[in-house]
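Presented below is the structure to which this report refers.
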Amino acid sequence: MEKQPLISVIVPVFNVAANLAQCLQSLLDQTYQNLEVILVNDASYDRTGQICHDFAAQDSRVKVIQQPTQQGVAVARNVGLAAAQGEYVTFVDGDDFVTPDYLAHMYQQMQAKQADLVISGYYELDEQAGKFLFYYPAGEIHATVTPAEKVLQQIGNNRIMTACGKLYRRNLFDEVAFPAGRLVEDICVVVKLYTAAQRIVLLDESLYCIRQRQGSTTRRLYSFQQYQDTLAAHFELVMDYLVNGYDPAPAFDRLKYVLDYYQWYMQQQGITDSPIYRQVMYYVKRMKALKEK
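Taking UniProt numbering, the leading residue of the sequence shown gets 1, the next gets one more, and so forth.
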């Protein structure tokens, strides 16, 4: 029987003690067994570190890297990549979880289609409401080889924008790294990875569950840094489309969506008398003028 290649699962963790055990158990219960789980503990101060070490003591496939200070998800992922021994890598957030066939089904498509990158479907668990969102019972599964430009026409789709829920050939990261010190780190990287990949498979099977919880990064009120990083990431997105010769319309549409959302959000919060709001309005007006030309 041919030996399965090693898959490195990189899991950045920060204060996720409440949900980490479920995440890790879902990885160790994979039907695809030749894997290593690299836990990068980003200086957590709850029981996250202890849970990491408990799992490492129980299963030799689990490795723990302790960051001396909190440096963010981007740095944690880069640290995990540097330690990864696998021919393939995937990212899982520490409060999410995956189906038992998460790795097996993506690897099967990677081999069958001779792909460099496989993008799975996802669903969400709204922890506060206690229900699943975007969950569709398994039917006929389609896996389609899709050119990078066609994938990037869907940049507004969450499964396209995030680094999680995908299986990558490790060498795609030879010249790509997550931007240290910035929020909204995924969108800065995915275009570069899609461009580097010769063959991409879109797998319409929901294998990854995103947990939406109170206090998670996606639910926090927007800070000035988050605004700056979000805007910078979307300007970089537009530039990546242009330098690669892709139709920039989807990137401009995404940028416009972000600007319109910030305008609405700040108006709702009553913070229109601020430098951030004035900057947003400047770009909203420039985008409108550009569209009218």
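Beta carbons: idealized from backbone N, C-alpha and C, even for Gly.
According to DSSP, residues forming a beta bridge with residue i
i           : result
I65         : V40
V79         : DSSP output for V79 lists no bridge partner at all.
P179        : Paired residue(s): none; P179 is not in a bridge.
P12         : V40
residue 297 : Residue 297 cannot be examined here, being either before or after the span of the chain that is shown, 1 to 293.
L35         : I7
Contact test: residue i Cβ vs the ligand ZN heavy atom, cutoff 7 Å
i    : result
L259 : The model on display carries no ligand, and the ligand ZN is accordingly not part of it.
Residue i to residue j span [Cα, whole Å]
i    : j    : result
D95  : Y168 : 21 Å
T69  : D42  : 7 Å
Q33  : M239 : 40 Å
Y262 : A232 : 14 Å
Y282 : V9   : 42 Å
V64  : Y123 : 28 Å
K256 : H234 : 9 Å
D229 : L24  : 30 Å
A76  : V40  : 6 Å
N78  : Q66  : 13 Å
I160 : L81  : 20 Å
Q58  : N171 : 30 Å
T218 : Q108 : Per-residue confidence for T218 stands at a pLDDT of 43, beneath the threshold of 50, marking its modelled position as unreliable; no derived number is given.
R199 : V191 : 14 Å
P275 : C52  : 42 Å
M266 : V16  : 30 Å
N244 : A148 : 10 Å
T48  : L27  : 16 Å
Q30  : R278 : 50 Å
H105 : V73  : 26 Å
Residue from the options whose Cα sits closest to the Cα of residue i
i           : options                  : result
V189        : I200, V40, F173 and D204 : F173
V11         : Q4, M287, D46 and V92    : V92
K166        : V98, E236 and L125       : V98
L152        : L259, V258 and F252      : F252
R182        : D54, Q71 and L103        : Q71
residue 295 : R254, L207 and L237      : Examination of residue 295 is not possible in this model, given that the chain is present from 1 through 293 alone.
K150        : M110, Y194, Q22 and P5   : Y194
I210        : T31, L6, A104 and G121   : G121
Q85         : P100, Q22 and P5         : P5
Neighbour flag for residue i against chain B, beta carbons, 8 Å
i    : result
L237 : The structure shown contains no chain B; it is built from a single protein chain.
task = Would you list, in sequence order, the uninterrupted alpha helix (DSSP H) runs of no fewer than 4 residues that lie entirely inside the region 199-271?
result = Secondary structure in the region 199-271: the alpha helix (DSSP H) runs of 4 residues or longer, each lying completely within the stretch, are 224-243 and 249-269 in chain order.
ask   = Which residue spans inside the region 92-174 form an unbroken beta strand (DSSP E) run of at least 3?
value = Qualifying beta strand (DSSP E) stretches, in chain order: 117-126, 131-133, 143-146 and 166-169.
task = Examine the Cβ distances between the region 36-52 and the region 110-129 and report whether three or more of them are shorter than 8 Å.
result = With contact defined as three or more Cβ pairs closer than 8 Å, the region 36-52 and the region 110-129 are not in contact.
Meets three-Cβ-pair contact criterion under 8 Å: the region 259-273 and the region 175-192 = No: the two stretches stay apart, fewer than three of their Cβ pairs being nearer than 8 Å.
inquiry  = Assess contact between the region 140-151 and the region 198-212, defined as three or more Cβ pairs (one per stretch) separated by less than 8 Å. Is contact present?
reply    = With a cut-off of 8 Å, the region 198-212 and the region 140-151 count as touching, because enough Cβ pairs lie within range.
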